[in-house]
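Chains as they are written, first to last, in this note's numbering: chain A, 1 to 308; chain B, 309 to 616; chain C, 617 to 924; chain D, 925 to 1232.
Laid out in structure tokens, this is it:
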């Protein structure tokens, strides 16, 4: 089979300071659809276009940040195989039982060398995008807010970048698509990795602050929708970090902004399609500005320092 | 590894009535880049963005049509494995030696049940997109004509659709993403199939005229570029079949047009991303209009009858 | 003053067979905002972006068509002056008193040589676009349906095209921007005219069927919004006449479609800006296809024959 | 006549430090077309879409800046009338003879209260946009660089803003479309003014540095072309000031950047259409950030301080 193993980022649990304020932001501004609440007060959401039950879980906490990162795998057999591969590689895994998250099957949870909690799962209830599977229409009407297409990727920070990178390549079957080299011209300062045709599914940045998140990204359909996103964020007085602009890395276009708790989010559009026969791109330390913000060619302070 | 096996449509040899007239059309209107000519007079071309040596080969002939369809596989090991799998499945294969096509390694060639000649290959010289792999810029300047991103997919016709569909699913690892059912509500009239995250890499249509091609499609970057394509085709008095408009199938947007020899080409944009955990879409016979041309909801005669 | 006299198409009264069905179409699909109903059952509407009380009046009737065409003039003084100029030119005028239309001042009404009832007015209640005039935001949220920007122009048909053209040029200060010549190479078959920087505010087509309307057009913001319009019309099973495509005339992009009563409407985007020092464009009879539908280069039968 | 008097910004003479370097920038990056050089070494340029002989004149000088601002008027009669009106208003005028600028008729030159040299002219040789006036095509092929549509507007600074504003309103027939008020809530800090359906043709900003220019702006066709402009400017290592982003004022989208001599230029897209029955917008001092850069809601230092 051509596409196997780990399929995509499937869900992420985000810590928020105030649940109702966050639900308002994630539904009316980001434009996700609420699909459930569980006994512990967690709120489940998905984009209009996603078929599985949820991709975002909001959990009340006293500080922002991300609790865990879930990736969907092809099927149960793959789940068991990857669990076994992880253990063989020396990574401790844990089974989180069906029902711990609404509408979600058993998960295989493990900590990666950069300190982040990842989990794999093969089953999540499919609730669809409202268009059905027989003679579907091509558009969903009356979408609210930015209304992205999907949870797209994460950028996360930690000390042992090499460890996480190797784990994702060697065990989880990811490819490195781009990297920024440190001043020494040899060490990876940051790597972008994919398990699909996307230009990236996850990026790791070397940072003393392990188990931190830089941003979760959502895909939007066009550069024009990205303009609408910026207009709406500005109108709602949301905190825009930077954008709309172009990345050198991935060629994608972007806006970075913060949710009310201070979690950085991205709306992302474009990016080339990756195939595993393609050479990765390398960015040298002196061109880090162009790599990240192609138009301004320099990083802003906030972008470099704020992680959660 | 997450993406393996057959990677993508890699090249296709198109029969043209007049080589120089065709080179003019394919470079100045479609906007491909000429990358070579071989001793037999064949002309090799690629899109600006493709890295491999060529995706289109033009060959002089006395009637239009497509000689063969080449798909790139991950590596030599995969090539040998798929060759063996094909034989095990009862498909005769043949090795076409390195050097038969410029800059291309050994190919495994076989006829599929609908009569088309397919070939797999693992190696083609990488000549790049001019941007390089270190600190690349994000745009290629002074692109000519429509200037698509890549050879995207084929729609081909033949009698034994079931045979080709099963071969692509069972041996080559493709997934069916969409189908149109015949009036009986059970038989596949047409199937769209993918080996990647694309909504389709190849489509088969049931047709008495085996080994015929309906179109080869090229990806363009945006709906706005599709408008430019239509404007340019109209300005150059190229024969537009239909478009710009939206497909129900794949949700992509499209223009169909003919090269000077009468080969139908498509510029295609958009389409959802497919994952193998997604249910395929089914279109019923009475909704075939919406399936193919979502806006007009009816097929035009020429679209139904002309194949090469 | 640089922009004086007749400012723009301001309102039009459209005959519909069923008021509630039409209100549903004009609000939920076309995406106008209802602003009033009068004692006679007429329904008043405007686009989200228009500031004046209404631009469309729907009136129940037993056949489709347009009752009258209203154009806003700069001020009362201009109204009186143009009334006097019209009479001096030999056109009978009539004063329709304030209050005949909701929120609208006195109108000067007259029949033009092609048989259409036009009216000029200087005053209409300004109800605004909801953004206000102090520190306005740049976007209106939660727009419904196609949601055009403004009533843009009319194309209307009648026998004495020369008479109407001359009246609009000589008395109302319009400029001819484009024309299609008849087979004789001398007679105007159709003329596009403007009173502003727009490529057209009104077009007259020579036709035995005087006092008929081909379409009223609404401006949309971008080619991408035009795609959304086509998608939505198709989803709602509205009758699309043709499009999306490009006009040769005006360079605008377009979709033509019908309201439930059979009135043809257009969503229009783009078009060059006109200045009165610019030469008009001429289209010869043999290029009428490219003139109207630049991509298909031929007119469809329905487009030529259906007027209301 | 509906559109009379002053038609539009027609030309502007820009001081550059190095002619050949500037010609390279203005043709290959900005994408203007060179149309002539005169005996004094000045280089004349126009956009691909403009019909008159030139809109930009580059003149070698030892510091950047703008020598004069030319506006086209409807005809010779208007030129004489406005000359007379200016003198009656107390503004000294001077006639610059035909031939002083290539292909340009007599100009009426005068200094406005903010110290800038303006000129009016009625005649300039029409060289066209290459598409002709009979059965024109809708696109110009092989455009180079950013390739804007037209010289659009100027933003210029000076002490006596009130004087210039009044002159443009009272004598030249402009309308104020937007204003930013100073902290006192009464004084105009900046005004945007139009002589057409455009949201602005000229803007004046109150500034101790009289006779200075903030930027000359060029219209581009779409938000997508603005992205291309930003990509190209970044690739060419041109100095981008800010953008792409949205203005609160005019609702237009923008990129500001510098030519090699330090003259700030703008590529501008969109903006509402203005009619003289529309109320102007007012921005209060505390919202100046949103007024100018709607997305960032704050001005950058460089934008505030650099004028030439």
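Idealized CB from N, CA, C, for every residue including glycine. Remember, it's a predicted structure, so these values are computed and weren't measured experimentally.
Check	Outcome
Through-space distance from residue 749 (chain C) to residue 640 (chain C), alpha-carbon basis	30 Å
Interface flag, residue 232 (chain A) vs chain D, CB-CB below 8 Å	no
Given residue 926 (chain D) as reference, the closest of D:1213, D:1199 and D:1224 once Cα atoms are compared	D:1199
Beta strand (DSSP E) runs contained entirely in the segment 755-789 of chain C, provided each spans 3 or more residues	766-774
Residues that DSSP places opposite residue 1035 (chain D) in a beta bridge	D:1041
Nearest candidate by alpha-carbon position, reference residue 621 (chain C), set C:696, C:630, C:707 and C:643	C:696
Simplified DSSP assignment, three categories, for residue 912 (chain C)	coil
Identity of the residues DSSP links to residue 1050 (chain D) by a beta bridge	D:976
Nearest residue (CA-CA) to residue 920 (chain C), options C:667, C:842, C:824 and C:669	C:824
Proximity test, Cβ basis, 8 Å: residue 1119 (chain D) and chain C	yes
DSSP beta-bridge partners of residue 791 (chain C)	C:810
Delimiting residues of the alpha helix (DSSP H) encompassing residue 704 (chain C)	692-705
At least 3 beta-carbon pairs within less than 8 Å: the segment 423-440 of chain B vs the segment 484-493 of chain B	no
Residues near residue 787 (chain C) in its chain [Cβ-Cβ closer than 8 Å; skip 5 each side]	698, 701, 702, 705 and 707
Extent of the continuous beta strand (DSSP E) to which residue 829 (chain C) belongs	828-835
Segment limits, beta strand (DSSP E) that includes residue 67 (chain A)	65-73
Anticipated Cβ contact below 8 Å, residue 884 (chain C) with residue 868 (chain C), distance rounded	5 Å
Beta carbon proximity, residue 933 (chain D) to chain C, threshold 8 Å	no
Option nearest residue 165 (chain A) by Cα separation, candidates A:188, A:154 and A:152	A:188
Environment of residue 964 (chain D) [buried if 16+ CB atoms lie within 10 Å]	exposed
CB of residue 309 (chain A) within 8 Å of CB of residue 1170 (chain D), strictly	Lying outside 1 to 308, the shown extent of chain A, residue 309 (chain A) is not represented and no answer is given.
Chain B contact residues for residue 283 (chain A), given Cβ-Cβ distances below 9 Å	442, 443 and 444
Cutoff 6 Å; reference residue 898 (chain C); Cβ partners in own chain excluding five residues on either side	795
Residue 205 (chain A) (DSSP reduced to helix, strand or coil)	strand
Which listed residue (C:893, C:870, C:909 and C:880) has its alpha carbon closest to that of residue 631 (chain C)	C:880
Listed by chain order, chain B residues near residue 862 (chain C) by CB distance under 8 Å	535, 538, 539 and 542
Whether residue 763 (chain C) touches residue 224 (chain A) by CB criterion (8 Å)	no
Chain B contact for residue 910 (chain C) (CB, 8 Å cutoff)	yes
Residues, ordered as in the chain, of the segment 428-462 of chain B that lie near chain D by beta-carbon distance below 8 Å	445, 446, 447, 449, 450 and 452
Test item: CB-CB of residue 798 (chain C) and residue 901 (chain C) under 8 Å	yes
Exposed unless 16 or more other CB atoms sit within 10 angstroms - verdict on residue 302 (chain A)	exposed
Under 8 Å by beta carbon: chain B residues contacting residue 278 (chain A)	359
Residue 107 (chain A) at chain B interface by Cβ criterion, 8 Å	no
For residue 1205 (chain D), the first and last residue of its enclosing beta strand (DSSP E)	1205-1207
Under 8 Å by beta carbon: chain C residues contacting residue 963 (chain D)	In chain order: nothing, as chain C lies at least about 27 Å away.
Selection from D:962, D:991, D:999 and D:1061 that minimises the alpha carbon distance to residue 1024 (chain D)	D:962
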